[in-house]
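Be aware that the sequence shown starts at 1169, since it is given in the numbering used here, and climbs by one per residue. Working notes, beginning with the structure itself.
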Amino acid sequence: MSWEDNVRKVVPYVAGEQPKNQDIIKLNTNENPYPPAPRVAAVIKGFDYDILRRYPDQNVSALVSALAGHHGLDREQVFVGVGSDDVLAMSFLTCFNSGKPILFPDITYSFYDVWADLYRIPYENQPLDENFCIRKEDYIRDNGGIILANPNAPTGVASERSVYEEIIRANPDSVVIIDEAYVDFGGESCVPLIGKYDNLLVMQTFSKSRSMAGLRIGYAMGSKKLIKYLSDVKFSFNSYTMSNLAIAAGVASVEDEAYFAETTAKVVATRERTKRELARLGFVFPDSKTNFIFAAHRAVPGQELFEALRANGIYVRHWNKPRIENYLRISVGTDEEMDKVLAFLEDYLKNKE
Ligand code: PMP
């Protein structure tokens, strides 16, 4: 017997690399290529750092109010945390306690199984169909909870709200979490269903469409009852999750609606153009509604392309996993960045013929 027998052993999630070298084209973590809103910059520049002496507002009231107003919800229906990863982790701990397996797709955000293992929550993966779509029948069965990303990652595929509504309605005894990290780039949000189903929890984040991955702001929306349970768990864990600065900058971002709409539209336009170019170069991909494209080349293996891109200073994401080993997840950067990536691919693939 050793102390090591008493240690919780887990296999952690591996996030995309954050290289020190600034010269690379970084399309590996679905960050937004545009800076945060000018109003956010102004708030950070004028931030009164003396308030850092004080603990932040443990209820994060200013940001909760701003988000509730933005989504047409009551404040008691919003819960804020340190990126949606933090809120998701807290939600797994709060909602998935039946001992029955929770359900999520075989190909999805690879943090879900890590949290399930961390908390010893049993889970069953449901295979996506051949087009990488969820099959709703797979989620209409006995379970301990459900988590689905819409649009899904790393595939970029979105399903209609009605599909999720059927799943939520068929599971009144389970919490259904819809992870909408990428919804602002073209998905159909489940927020309008919150008033109808008290077992629904919807996650969103400031990391993608609001260009604020570095500040770490994510949030959950749901029924007052569910948000209260989540809040009780948070206050049993750490009272002060959000920093003063993150709260102030988060409010500023929500107030700058026009900039948010403009940059999101720019990313979507670049994505659509990149799709056309990738198709011309012989790539296949499911239709993405996100700020990334999950693409495989018809002839050249994924690992080879991943390494060739990397050697040329272009970072994308690749998983050596069944069904997706030939795919690259390419985040949508600026037009200039995508032009460089496409030019490199065109040249590389020409030399392969
Ligand atoms: N959900 C999905 C599907 C994601 O891809 C990510 C980003 N890695 C997150 C949640 C977490 O994002 P964040 O913690 O930055 O809000």
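Cβ atoms here follow ideal geometry from the backbone N, Cα and C, with glycine treated the same way. As the structure is a computational prediction, the values presented were derived from the model and not from experiment.
C-alpha distance - residue i paired with residue j, whole-angstrom precision
i            : j            : result
residue 1384 : residue 1519 : 42 Å
residue 1480 : residue 1288 : 41 Å
residue 1506 : residue 1173 : 50 Å
residue 1215 : residue 1221 : 13 Å
residue 1452 : residue 1197 : 21 Å
residue 1368 : residue 1425 : 26 Å
residue 1473 : residue 1300 : 22 Å
residue 1325 : residue 1171 : 45 Å
residue 1431 : residue 1175 : 46 Å
residue 1285 : residue 1279 : 10 Å
residue 1457 : residue 1180 : 28 Å
residue 1359 : residue 1239 : 8 Å
residue 1438 : residue 1488 : 27 Å
residue 1309 : residue 1269 : 11 Å
residue 1478 : residue 1494 : 16 Å
residue 1243 : residue 1447 : 45 Å
residue 1420 : residue 1232 : 12 Å
residue 1274 : residue 1307 : 13 Å
residue 1404 : residue 1427 : 37 Å
residue 1381 : residue 1412 : 16 Å
residue 1192 : residue 1342 : 44 Å
residue 1141 : residue 1514 : Past the boundaries of the shown model lies residue 1141; the chain is included only from 1169 to 1521, so the question cannot be answered.
residue 1370 : residue 1392 : 13 Å
Local Cβ density within 10 Å of residue i, reported as buried at 16 or more and exposed below that
i            : result
residue 1189 : exposed
residue 1127 : Outside the shown range of the chain, which is 1169 to 1521, sits residue 1127, and nothing can be said about it.
residue 1372 : buried
residue 1201 : buried
residue 1199 : buried
residue 1283 : buried
residue 1183 : exposed
residue 1297 : exposed
residue 1245 : buried
residue 1204 : buried
residue 1348 : buried
residue 1471 : exposed
residue 1375 : buried
residue 1402 : buried
residue 1408 : exposed
residue 1259 : buried
First and last residue of the uninterrupted beta strand (DSSP E) at residue i
i            : result
residue 1497 : 1495-1499
residue 1186 : Looking at the DSSP string, residue 1186 is not in any beta strand (DSSP E), and its letter there is neither H nor E.
residue 1387 : 1386-1390
residue 1205 : Segment: none, residue 1205 is in no beta strand (DSSP E) and carries neither H nor E.
residue 1372 : 1368-1373
residue 1336 : No beta strand (DSSP E) contains residue 1336, which is instead part of the alpha helix (DSSP H) from 1329-1337.
residue 1230 : Unbroken run through residue 1230 is the alpha helix (DSSP H), 1229-1239; no beta strand (DSSP E).
residue 1344 : 1344-1347
residue 1463 : 1460-1465
Residues that DSSP places opposite residue i in a beta bridge
i            : result
residue 1292 : 1271
residue 1219 : Beta-bridge pairing links residue 1219 to no other residue.
residue 1403 : Beta-bridge pairing links residue 1403 to no other residue.
residue 1316 : 1346
residue 1247 : 1388
residue 1451 : 1465
residue 1485 : 1497
Limits of the unbroken alpha helix (DSSP H) element including residue i
i            : result
residue 1510 : 1503-1518
residue 1474 : 1470-1479
residue 1251 : 1251-1263
residue 1415 : 1412-1423
residue 1381 : Where residue 1381 is concerned, there is no enclosing alpha helix (DSSP H), given that its DSSP letter is neither H nor E.
residue 1280 : 1280-1286
Residue-level contact to chain C via CB, residue i, 9 Å cutoff
i            : result
residue 1297 : The chain inventory of the structure shown lacks chain C, comprising one protein chain alone.
Residues near ligand 1, criterion Cβ-heavy atom distance below 6 Å:
1251, 1252, 1253, 1277, 1317, 1321, 1347, 1349, 1373, 1375, 1381 and 1386
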